[in-house]
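Student: Quick note: the sequence shown, position 41, residue 351 per my numbering, numbers continuous.
The beta-carbon is built from N, C-alpha and C at its ideal position, and this holds for glycine as well.
Only a predicted model underlies this, so the values are computations on that prediction, with no experimental measurement involved.
Before anything else, here's the structure in question.
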Amino acid sequence: MTVTEESVEGAAEKPKDWLGQSIKRKEDDRFLAGRGNYIEDIDLSNMLHMAILRSPYAHARINSIDTSEATALPGVVAVVTGELLAQHNLAWMPTLSGDTQAVLATDKVRMQGQEVACVIAEDRYVAHDALELIDVDYEPLPAVVNPFDALEEGAPLIRDDKEGQTDNRVYHWEAGDAEATEEAFLEAHKIISVDTHYPRSHPSPLECCGCVA
Numbered sequence: 311m312t313v314t315e316e317s318v319e320g321a322a323e324k325p326k327d328w329l330g331q332s333i334k335r336k337e338d339d340r341f342l343a344g345r346g347n348y349i350e351d352i353d354l355s356n357m358l359h360m361a362i363l364r365s366p367y368a369h370a371r372i373n374s375i376d377t378s379e380a381t382a383l384p385g386v387v388a389v390v391t392g393e394l395l396a397q398h399n400l401a402w403m404p405t406l407s408g409d410t411q412a413v414l415a416t417d418k419v420r421m422q423g424q425e426v427a428c429v430i431a432e433d434r435y436v437a438h439d440a441l442e443l444i445d446v447d448y449e450p451l452p453a454v455v456n457p458f459d460a461l462e463e464g465a466p467l468i469r470d471d472k473e474g475q476t477d478n479r480v481y482h483w484e485a486g487d488a489e490a491t492e493e494a495f496l497e498a499h500k501i502i503s504v505d506t507h508y509p510r511s512h513p514s515p516l517e518c519c520g521c522v523a
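Structure representation (structure tokens):
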């Protein structure tokens, strides 16, 4: 018997674990019977509901936001804008790139679907009805819809709110010996350049992100 055969025999005698075998599912019964518990199913006493108004434009200046009709709708508790958040020092949040991003847009929207205002109401239906009563005066601006156009010289500057920002790069990063790298390319027998494109994918969950606070 070889060492490899002995190792395989020993492995076969070990108790089964979670790897390398099918695991019996325990949650199927409740889902198949309609007993799954989702955020939509949570109903607490005096619970309020929030709906968010999002920008239809990829890049636009916000001239004004009129929330008077939405605020007057029966069942609406509050209509919140970026200007209101700024009064409480809550207008900006940190991002992974080390800068900040508006919680609710104020002067401009910088992507389609960016949050512009939110409605808090006694039920979700009133909250969504109130969104349609918010009047936002947008001034559409030139937009970039792919990273290649965004990097072109003279491309519309999206984050013009960042001090010293002159292009659409998130951050600049350098490592290694630039001179040695350039020399290596000059002496290379062949240089291969590849553009890689990743397809879009969507997991299609039964329930999207949400929370009860």
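Buried or exposed, going by whether 16 or more other CB atoms sit within 10 Å of the CB of V429?
Tutor: Along the sequence shown, read from residue 1 onward, the residue named residue 429 stands at position 119. Looking at its Cβ environment, which holds 16 or more other Cβ atoms inside 10 Å, V429 is buried.
Student: Buried or exposed for T476, going by 16 or more other Cβ atoms inside 10 Å?
Tutor: Locating residue 476 in the sequence shown gives position 166, where the first residue counts as 1. By the 10 Å Cβ count, T476 comes out exposed.
Student: Is it buried or exposed, R420, if we count other Cβ atoms within 10 angstroms and call 16 or more buried?
Tutor: Walking along the sequence shown from the start, residue 420 turns up at place 110. Under this definition R420 is a buried residue.
Student: Going by other Cβ atoms of all chains shown within 10 Å of its Cβ, with 16 needed for buried, is Y435 buried or exposed?
Tutor: Translated into the one-based positions of the sequence shown, residue 435 becomes position 125. Per the 10 Å Cβ criterion, exposed.
Student: Would you tell me roughly how many angstroms separate the C-alpha atoms of Y367 and N478, rounded to the nearest one?
Tutor: Mapped onto the sequence shown, residue 367 falls at position 57. Mapped onto the sequence shown, residue 478 falls at position 168. Going by the C-alpha atoms only, they are around 18 Å apart.
Student: Going by DSSP in three states, R479 sits in which element: helix, strand or coil?
Tutor: The sequence position of residue 479 within the sequence shown is 169, counting from 1. R479 falls in the coil class under three-state DSSP.
Student: Can you give me the Cβ contacts of P450 inside the same chain, cut-off strictly under 6 Å, excluding the 5 residues immediately before and after it?
Tutor: The residue you call residue 450 lines up with position 140 of the sequence shown. Cβ neighbours of P450 beyond the five flanking positions: Y367 and A370.
Student: With 9 Å set as the bound, which would you pick, yes or no: does the beta-carbon of V426 sit closer than that to a beta-carbon of chain C?
Tutor: Included in the structure is just one protein chain, with no chain C present.
Student: Considering Cα atoms alone, identify which of G346, C518, D417 and L358 is closest to R469.
Tutor: Mapped onto the sequence shown, residue 469 falls at position 159. It is D417 whose Cα lies nearest to the Cα of R469.
Student: Measure from the alpha carbon of V431 to the alpha carbon of each residue in W483, A380, N399 and L516, then state which is nearest.
Tutor: Indexing the sequence shown from 1 puts residue 431 at position 121. According to the sequence shown, residue 431 is Ala rather than Val. Ranking the options by Cα distance to A431, first place goes to A380.
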